[in-house]
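All remarks here apply to the structure that follows.
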Amino acid sequence: MFEIWETSEPARLISDAGSLEVALEKVDTMCRLRHDQAVAHVGEAGEGYHFEIRGQDGKPLARLSYVPDTSRAYQSVVVEEMRGQEHHAE
Numbered sequence: 017m018f019e020i021w022e023t024s025e026p027a028r029l030i031s032d033a034g035s036l037e038v039a040l041e042k043v044d045t046m047c048r049l050r051h052d053q054a055v056a057h058v059g060e061a062g063e064g065y066h067f068e069i070r071g072q073d074g075k076p077l078a079r080l081s082y083v084p085d086t087s088r089a090y091q092s093v094v095v096e097e098m099r100g101q102e103h104h105a106e
């Protein structure tokens with residue numbers, strides 16, 4: 017079991033997930049939402065958004081900071097990170 021947290025102030029639990037793959041998809045969905053909000057000028061990005069995927073023990077397993085770039089269409093930050101990891105594994 018994994019928990020997805022938005023750790024920007026105030027920190028809040030967003031969701032949980034049964035697998036790391038689902039947790040990453042949910043983080044990606046939150047980044048897409050934040051991008052869409054920034055494009056629509058809803059809320060303030062400030063210094064960006066901060067997310068954590070936590071394990072059952074509550075310890076962070078992965079962190080992501082995301083600053084929406086409204087000058088272009090949303091691109092999945094999670095997929096890019098995963099591709100980078102796959103490249104290093106070869």
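Heads up: take any position in the sequence shown, counting from 1, add 16, and you land on the numbering used here. Idealized CB from N, CA, C, for every residue including glycine. Since the structure is predicted, the reported quantities are computational estimates derived from the model, not experimental observations.
- One thing to note: Met46 has its Cβ no nearer than 8 Å to the Cβ of Phe18.
- Rounded to the nearest angstrom, the Cβ distance from Val93 to Leu80 is 7 Å, consistent with a contact under 8 Å.
- Distances from the CA of Pro26 to each of Tyr90, Val58, Tyr65 were compared; the closest alpha carbon is that of Tyr65.
- Measuring C-alpha to C-alpha distances from Leu29 to each of Leu36, Val55, Arg70 identifies Arg70 as the nearest.
- DSSP, read as helix, strand or coil, puts Arg88 in coil.
- The beta carbons of Gly59 and Gln53 sit closer together than 8 Å.
- By the CB criterion at 8 Å, Ala33 and Lys42 fall inside the cutoff.
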